Structure formats: structure tokens, C-alpha cells
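Novice: Here it is: the structure, laid out below.
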Amino acid sequence: MRLPFIRVVQPRGTVVSLGRSQRHIAVDALPARYRTSGGGAVLAGPWLLKALVVLPRPHGWLDQGPARAAQRFADVHRRWLAAQGIETETYRGPVLDHWACFAGRSPGELLVHDRKITGIAQTWRRRRVLLWSGTLLGGVPWDVLANALSHAPEAERELSAAAVSAQELLFKAPDALGWGQALAAALQGALDPNERATLRS
Amino acid sequence: MDVTLDPQHWDDLPDDAEAVVDAWLVVEGAHVDAGRVIARVTLAKSALDVDSPSAGILVRIVVPAGRSFPRGGSIATLRPD
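Residue numbers (our numbering), protein chains in the order written: chain A, 1 to 201; chain B, 202 to 282.
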């Protein structure tokens, strides 16, 4: 893989994506994937726009640790969302763990009136670092996630209050393809212009 | 010698942030080379490697898998060659 590498995708099927500390959790009725990164469970599907950036080490984005890397990654997302008409705030801390990613909080993640729209996670290895983001384009069937992980029905209300989608904010469904292309271009433009990123979408 | 997470990984995080040891990749009593990844931890949703600071014997695991530790906390003791 030539680095930097950028991929932006809208998942087609519905999959429960679990953080690395959740490997013991059983998932009912849905396929499950286990991430190398931390964080809580994500219900991946067409309502989510996922971005992955793989950077070589060393790289300018990485020279001040994960919190600053998350900040740089988030800044690109913040400008991208602003261009789509959504103003966000960057969460500063403290770290709030939760079994569901979009109900937890970690520095660098993007909020709209305290509701998360973009989650960020990272995997640091000796030679490369993977930065992941998930942005909610449409409404998530939170009951499906709660049921799959055997949480009480009230969890749906909690998750709905903790997260917000672009569709809810704009009162219309975003053009996922166009938004994805814009995000990929923004990420490519934000990386060192001397490095031509490998781009997939 | 204490084994700690690279201090840079804590930069810009709140003072009370804690990391969690996800897995130990070596057992107590094992000999490790300098720079070898000996544990994997999670800090603020970032999965991070902990490298051995020196070649030597991993004498004691201070923070077992599944337990958390604070900024600067020793997670193991290493006896250098």
C-alpha cells in the first residue's frame, strides 16, 4: 500500500463494529466486525460515511501524539461539514467511555449542540498509523444496535439524544456520493501537498 | 527499569485520562529485545503499542490486561541486560 492512503466509503450492509476492548461481547442476529482501534460499538450501514487515512511514520500529522492527530483529522472533517452547511464544535475532554461509540466522547470528535456527528478512532503501529472516522449522514436504527447487543429498549432513547445525523440537521438526506467525494478531496488536500495520497472511494 | 507508555501519547489529553492494557504480548520472565512491542493499550480510543525500552528480562507485569493506568504510570518492570 502506498502511503498516505485515503478511503471514504458508505457501507451497504448492516454490520456491528466493535472496539478492541469489546471482543467478549456477543452479537445477536447481525454480522460483527472487530476493530483494531478502541471505542464503543458502531452500527455500520448506509447511514454512515466512513473515512480511513493511513499515514506512514514519521508524518507531520503524528509528531505530537494521538490527541493532536485526532485534532488535525477532525479539523478536516469540521471544514468539510461546514461546507455542507453544518457547523460543529470539537470535543476537548474528558474522555467518556460508553458501550456505543456515538454516546461516548473523546477529544477531537465533532459535536453539534453536544450531540456527536463524527466519531474518531486510531490505531498506532510501528510503521503506520490508521485514523478512522464515522460521520452520521442519516438516522441510525438505534434499536437494532441495542437489540443486537442485548441492551434495554431505553438505550434507543439515550443514543438518539447523544447523536445527531446530517439528515436531521438539514431536513433532507445528504448526497452520500457527493459528500464522500468532497471528504476524500478535503483529506487529500490537507495532507502534505508533496505527498500524493492513494485515494479510494 | 519501569516500562511506560510513550509520554508523547498523553500530550493534549486531560490530566485525568487513563489508558487500558488490552493485551500483553510477552510473559513474565521472558527476554525481550530493545524496541520490541510487548503490550498493546488503548488511550482515548487510540490503540497504541508499548515498546520495550531496553533489552532485558520482563521481571514483573504491574498492570494486567483489562486494567487501567494513569499518565506516566509504570505498567511493568524490566531488568536490562
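Cβ coordinates follow ideal geometry from the N, Cα and C atoms, glycine included. The structure displayed is predicted, hence computed values, not measured ones.
#1: Looking at chain B, is there any beta carbon in it that lies within less than 8 Å of the beta carbon of A/Ala205?
#2: Looking only at its chain, what residues have a beta carbon closer than 6 Å to the beta carbon of A/Leu145, apart from the 5 residues adjacent to it on each side?
#3: Take every Cβ of the stretch 8-24 of chain A, pair it with every Cβ of the stretch 60-80 of chain A, and state whether three or more of those distances are shorter than 8 Å.
#4: Please look up how many angstroms separate the CB atoms of A/Ala100 and A/Ala41, rounded, as I've assumed it's under 8 Å.
#5: Are at least three pairs of beta-carbons, each pair with one atom in the stretch 225-235 of chain B and one in the stretch 103-119 of chain A, less than 8 Å apart?
#6: What residues in its chain sit with their C-beta under 6 Å from that of A/Ala69, if we drop five residues either side in the sequence?
#7: For A/Val144, go through chain E and note every residue whose CB falls closer than 8 Å to its CB, in chain order.
#8: Going straight from the alpha carbon of A/Arg125 to that of A/Trp179, what length do you get?
#9: What residues in the stretch 95-117 of chain A bring their beta carbon closer than 7 Å to a beta carbon of chain B?
#10: Going along the chain, which residues of the stretch 56-67 of chain A sit with their C-beta nearer than 7 Å to a C-beta in chain B?
#11: For B/Arg241 versus B/Asp223, is the C-beta distance shorter than 8 Å?
#12: Under a Cβ-count criterion, where at least 16 other Cβ atoms within 10 Å of its own Cβ denotes burial, should B/Lys246 be classed as buried or exposed?
#13: Considering only the beta carbon of each residue, do A/Gly138 and A/Pro46 sit closer than 8 Å?
#14: Taking the alpha carbon of A/Ala186 as the point to measure from, which residue in A/Val53, A/Ile25, A/Val129 and A/Glu154 has its own alpha carbon closest?
#15: Assuming the contact rule is C-beta atoms closer than 8 Å, B/Asp217 and B/Thr278 should be a hit. Round their C-beta distance to whole Å, please.
#16: Return the bridge partner residues of B/Trp225 from the DSSP annotation.
#17: So, with DSSP's three-state summary, where would you put A/Phe232?
#18: Can you pull the chain B residues whose beta carbon is under 7 Å from the beta carbon of A/Arg33, in chain order?
#19: Applying the 10 Å Cβ sphere with the 16-neighbour rule, what's the burial state of A/Ser150?
#20: So which of A/Asp97, A/Glu156 and A/Phe73 has the shortest CA-CA distance to B/Leu244?
#21: Counting along the chain, where does the alpha helix (DSSP H) carrying A/Trp179 start and finish?
#22: Could you have a look at A/Val76 and say whether DSSP puts it in helix, strand or coil?
#23: Assuming the contact rule is C-beta atoms closer than 8 Å, B/Leu214 and A/Ala74 should be a hit. Round their C-beta distance to whole Å, please.
#24: Hey, which unbroken runs of the alpha helix (DSSP H) at 4 residues or more fall wholly within the stretch 108-178 of chain A?
#25: Is there at least one Cβ from chain B nearer than 8 Å to A/Ser21's Cβ?
#26: Please identify, using Cβ separations under 8 Å, the residues of the stretch 124-137 of chain A that lie next to chain B, in order along the chain.
#27: How about A/Val209 and A/Leu136: are their beta carbons less than 8 Å apart?
Specialist: With the given structure in hand:
#1: Residue 205 of chain A lies beyond the range of chain A shown here (1 to 201); nothing can be said about it.
#2: Cβ within range, chain order: Leu43.
#3: The stretch 8-24 of chain A is not in contact with the stretch 60-80 of chain A.
#4: That pair is a contact at about 5 Å.
#5: Flag = no, the stretch 225-235 of chain B and the stretch 103-119 of chain A do not touch.
#6: Around A/Ala69: Trp61 and Leu62.
#7: Annotation note: the requested chain E is absent from the structure, which comprises protein chains A and B.
#8: Taking the straight line joining both Cα atoms gives about 29 Å.
#9: Per Cβ criterion, the list reads Val95, Ser106 and Pro107.
#10: When CB distances to chain B are screened at a threshold of 7 Å, the residues of the stretch 56-67 of chain A falling below it are Gln64, Gly65, Pro66 and Ala67, in chain order.
#11: In this structure, B/Asp223 lies closer than 8 Å to B/Arg241 by Cβ.
#12: B/Lys246 is buried by the Cβ-count criterion.
#13: Yes, these two residues count as a Cβ contact at 8 Å.
#14: Comparing Cα positions, the closest option is A/Val53.
#15: Here B/Asp217 is actually not in contact with B/Thr278; their C-beta atoms are around 25 Å apart, not less than 8 Å.
#16: DSSP lists B/Ala240 as partners of B/Trp225.
#17: It is not possible to answer for residue 232 of chain A, since the shown part of chain A is limited to 1 through 201.
#18: Taking a Cβ-Cβ threshold of 7 Å, none of the residues of chain B is close to A/Arg33; the smallest such distance is about 15 Å.
#19: A/Ser150 comes out exposed.
#20: That would be A/Asp97, whose Cα lies nearest to the Cα of B/Leu244.
#21: Taken as a continuous stretch (DSSP letters only), the alpha helix (DSSP H) holding A/Trp179 covers Ala176 to Ala190.
#22: In the structure shown, A/Val76 sits in a helix (DSSP, three-state: H, G or I).
#23: So it is not a contact: roughly 14 Å between Cβ atoms.
#24: Runs found: 142-148, 154-162 and 166-170.
#25: Yes, its Cβ sits closer than 8 Å to a Cβ of chain B.
#26: Listed in chain order, the positions of the stretch 124-137 of chain A with a beta carbon within less than 8 Å of a beta carbon of chain B are Trp124, Arg125 and Arg126.
#27: Because chain A in this structure spans residues 1 to 201, residue 209 of chain A falls outside the shown range and cannot be described.
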